[in-house]
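Q:
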Amino acid sequence: MDRIEGQLEERGYWGSKAEFLLAVAGNVVGLGNVWRFPYLCYKYGGGAFLIPYLVFVFTCGVPLFLLETAMGQYTQEGGITCWHRLCPLAEGIGYAGQLIILYSCMCYIIILAWALFYLIFSFSSQLPWASCDNSWNTVWIICYFSIWKGVKSTGKVCKNSTSFNVLKKESYLLVVYFTATFPYVMLLVLLIRGLTLPGALQGVVFYLYPEPARLSDPQVWLEAGAQILFSYSVSVGTLTVLASYNKYNNNCYRDSLWLCLLNSCTSFVAGFAVFSVLGFMAQEQGVPIAQVAESGPGLAFIAYPQAVAMMPFPQFWAVCFFIMIILLGLDTQFILVEVIMTSVMDLFPMILRRAGRRESFLLLLCLTCILGQFIMVTEGGMYVFQLFDYYACNGACVLFLSVFESLAMGWIFGAERMFDIIEDMTKSRPNYMLMLCWKYLTPLVTLYKPLTFNRWYVYPDWAYTLGWLLALSSILLVPGWALGRLFAGKGSLKQRWCHLCSPDTELPLTCKQRAKMKETVFTAEMENLVRTDTNEQENGH
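Here the sequence shown is numbered in the UniProt record's numbering, starting from 1 and rising by one per residue.
#1: Grab the span of the alpha helix (DSSP H) containing alanine 415 for me, first residue to last.
#2: Counting along the chain, where does the alpha helix (DSSP H) carrying leucine 486 start and finish?
#3: Only counting runs of 4 or more residues, tell me where the alpha helix (DSSP H) segments fall wholly within the segment 181-237, in order along the chain.
#4: Please name the residue or residues paired with leucine 362 in a DSSP beta bridge.
#5: Which class does proline 52 belong to by DSSP, given the choice of helix, strand or coil?
#6: For the candidate residues Tyr464, Phe49 and Pro314, whose alpha-carbon lies nearest to that of valine 384?
#7: For threonine 505, count neighbouring C-beta atoms within 10 Å of its own C-beta (all shown protein chains included) and say buried if the count is 16 or more, exposed if not.
#8: State yes or no: is the C-beta of proline 508 within less than 8 Å of the C-beta of tyrosine 74?
#9: Short check: CB of cysteine 105 to CB of phenylalanine 388, under 8 Å?
#10: May I have the straight-line CA-CA distance separating leucine 30 from serine 231, to the nearest angstrom?
#11: Quick test of your reading: phenylalanine 272 and leucine 191, contact by CB under 8 Å. State the CB separation rounded to the nearest angstrom.
#12: Using a 10 Å radius around the Cβ and a threshold of 16 neighbouring Cβ atoms, would you call isoleucine 325 buried or exposed?
#13: Grouping DSSP H, G and I as helix and E and B as strand, with all else coil, what is methionine 345?
#14: In whole angstroms, give me the CA-to-CA distance for methionine 517 and tyrosine 248.
#15: In chain order, what are the residue ranges of uninterrupted alpha helix (DSSP H) at least 4 long that sit wholly in the segment 367-413?
#16: How big is the Cα-Cα spacing for arginine 11 and glycine 484?
#17: Who are the near neighbours of leucine 229 in its chain, counting only those whose CB is closer than 7 Å to its CB and skipping five residues on each side?
#18: Could you check where the alpha helix (DSSP H) with leucine 112 kicks off and where it finishes?
#19: Terminal residues of the continuous alpha helix (DSSP H) containing tyrosine 13?
#20: Report the option in Pro212, Leu472 and Leu486 whose CA atom is closest to the CA atom of isoleucine 51.
#21: Do the CB positions of leucine 477 and alanine 96 come within less than 8 Å of each other?
#22: Given a cut-off of 8 Å on the beta-carbon distance, is the pair glycine 237 and valine 319 in contact?
#23: Check whether the Cβ atoms of serine 406 and tyrosine 253 lie closer than 8 Å to each other.
#24: How big is the Cα-Cα spacing for serine 233 and phenylalanine 522?
#25: Between the alpha carbons of serine 124 and isoleucine 323, how many angstroms are there, rounded?
#26: Give me the Cα-Cα distance between isoleucine 100 and methionine 409, rounded to the nearest whole angstrom.
#27: Suppose the cutoff is 7 Å on Cβ atoms and the five residues either side in sequence are ignored; what does the same chain contact list for tyrosine 103 look like?
#28: I'd like to know if the segment 64-78 and the segment 372-379 are in contact, where contact means that at least 3 CB-CB pairs between them fall below 8 Å.
#29: Do threonine 378 and valine 241 have their C-beta atoms closer together than 8 Å?
#30: Is the separation between the beta-carbon of alanine 303 and that of leucine 127 shorter than 8 Å?
#31: For a test of the three-state rule: what should DSSP assign to valine 339, helix, strand or coil?
#32: Less than 8 Å between the C-beta atoms of residue 545 and valine 277, yes or no?
#33: Less than 8 Å between the C-beta atoms of valine 220 and tyrosine 44, yes or no?
#34: Under 7 Å Cβ to Cβ from tryptophan 481, same chain only, skipping five residues before and after it: list those, please.
#35: Taking the C-alpha atoms as reference points, what is the distance between glutamine 76 and leucine 347?
#36: Between which residues of its own chain and proline 503 is the CB-CB distance below 8 Å, once the five residues before and five after are set aside?
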């Protein structure tokens, strides 16, 4: 990090466009593309599911992706302080997003531990999950040590490699180029192998066979919207933080479009790799594909490993698959940790941007995550993980934040003002449809579905209550923060409201704002000149 005044550390910028694009790609292209989208596609109408999916891509995904990217690039602030500068009334969105990311840090490292555990056993002469009589099925303590080392090591990589204050380090470039691109190599290998297996065609047909009648089911549309919010990593501040290290004139509009296209294409292609293998598995077992298809961890750690165990040379394909899972998760984990670090450091720069402070805070963050993960490495840890993943990290909490974000930026800050900012930064005006989405379409999305595990286990009522408490822990921060600031402020209620709805006056001025300011100054000077001349003439008479 660069030093200023001998002590404080500068924030810095990306060293190149490639670093930004790879970092965002590594974050948004993750496990959800492999284990969630294909399952939703087959379950909710096959090829017909692509219709609501694409509708939500253009009405929710792309608009929010561009909005958050532009917010970060414009303010040059983290996930909390950007809201303080743009719309102080909605600052609770920043805090809620960081809490969701904290929950996600705990969940993601668990997945990495499981994947590492499976990867190690993939080198066995016989894959252990090919049968059920193995003692390792209940030995979860190893996951703890994987998490303990994993959290510290990923935190160290985030500090030394993905630290956005040291953007020109070769180590960072090597890590990003590898972890962001190598999963595509593994995905291509698994895709080619899957399509050459017997039964692959049946699997692909099952994946994409259209059922137009399902489009009349509101749940299909709601699931499509939820998948977009989850897959595009919107509403929690990750995109804002990553874009905050861009230069002011970076073309974030074009970047957002290409990254959204990459994300959706990866999800679509991953479906072929997954369902071709599941089709093979179903044919080998002589059962319908619906009986072997899973979503979430069930796909990655139950269905797919079982299918791999039936292939020739199963160890090789198992290694390829779990390396891909680990690398997809690593990039996301790096970014999640760094987003929290950046957001908190921007919130307390005078305290944390000093020598040794960052390292101490990182250690505290890692220890907090470790303590929260103990319950997830028990024999019933998978059920706890699913509860956290569905309620605390995704679903309703992200949905409500996206609604709050659209309302705050579309109506309070002003969609037209945001359009002017994007045009000033990119020298191109976005499509007017995006403004309509920010103001009207995105806030209309709603979602609710009871949680199940492996299609048969339904959680007890107390678990649903706990899940909603986890979701509300972030959701209620938004109205709670707004009400707290309104009551704690000075002046009348109207004055407090106007103050909290006003952006920071020190934000960069757009060309239109500067031109308008010059025009105002010129008009005022002319009025003063005319007034002076009039007074002189009157005094002369």
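C-beta: ideal position from N, C-alpha, C; glycine also.
All values reported here derive from a predicted model rather than from experimental measurement.
A: Judging by the given coordinates:
#1: From DSSP, the alpha helix (DSSP H) with alanine 415 extends over 415-426.
#2: Residues 477-488.
#3: List check, alpha helix (DSSP H) in window: 200-208 and 218-231.
#4: Its beta-bridge partners do not exist; DSSP assigns none.
#5: Looking at proline 52 - three-state DSSP - the assignment turns out to be helix.
#6: Minimum Cα distance to valine 384 is reached at Tyr464.
#7: By the neighbour-count criterion, in which a residue is buried when 16 or more other Cβ atoms sit within 10 angstroms of its Cβ, threonine 505 is exposed.
#8: Contact flag set, yes.
#9: Between cysteine 105 and phenylalanine 388, the C-beta gap is not smaller than 8 Å, which leaves the two residues out of contact.
#10: According to the sequence shown, residue 30 is glycine rather than leucine. For glycine 30 and serine 231, the distance between alpha carbons rounds to 8 Å.
#11: That pair is a contact at about 6 Å.
#12: Classification for isoleucine 325: buried.
#13: In the three-state reduction of the DSSP assignment, methionine 345 falls in the helix class, which pools H, G and I.
#14: Straight-line Cα distance between these residues: approximately 21 Å.
#15: Scanning the segment 367-413 for uninterrupted alpha helix (DSSP H) segments of 4 residues or longer gives 381-387 and 396-407, listed from N- to C-terminal end.
#16: Taking C-alpha positions only, arginine 11 is separated from glycine 484 by approximately 30 Å.
#17: For leucine 229, where only same-chain residues beyond five positions count, the Cβ hits under 7 Å are Cys60, Ser235, Val398, Leu399 and Ser402.
#18: Here the alpha helix (DSSP H) through leucine 112 covers 91-121.
#19: Segment: none, tyrosine 13 is in no alpha helix (DSSP H) and carries neither H nor E.
#20: Minimum Cα distance to isoleucine 51 is reached at Pro212.
#21: In this structure, leucine 477 lies near alanine 96, with their beta-carbon atoms less than 8 Å apart.
#22: Taking 8 Å as the Cβ cut-off, glycine 237 and valine 319 do not qualify as a contacting pair.
#23: Not in contact: serine 406 and tyrosine 253 (Cβ atoms no closer than 8 Å).
#24: Each residue's alpha carbon lies about 46 Å from the other.
#25: The alpha-carbon atoms of serine 124 and isoleucine 323 are separated by roughly 16 Å.
#26: About 20 Å.
#27: Answer for tyrosine 103: Phe388, Ala392 and Cys393, listed in chain order.
#28: Taking a cut-off of 8 Å for Cβ pairs, the segment 64-78 and the segment 372-379 do not touch, as fewer than three such pairs fall below it.
#29: Cβ atoms of threonine 378 and valine 241: not closer than 8 Å.
#30: Taking 8 Å as the Cβ cut-off, alanine 303 and leucine 127 do not qualify as a contacting pair.
#31: In the displayed model, valine 339 falls within a helix according to three-state DSSP.
#32: Absent from the model: residue 545. The displayed extent of the chain is 1 to 541, so no value can be given.
#33: Yes, Cβ-Cβ distance for valine 220 and tyrosine 44 is below 8 Å.
#34: Closer than 7 Å at the Cβ level, and outside the excluded window around tryptophan 481, lie Glu91, Gly92 and Tyr95.
#35: Their Cα atoms are separated by approximately 12 Å.
#36: Around proline 503: Arg85, Leu86, Cys87 and Phe413.
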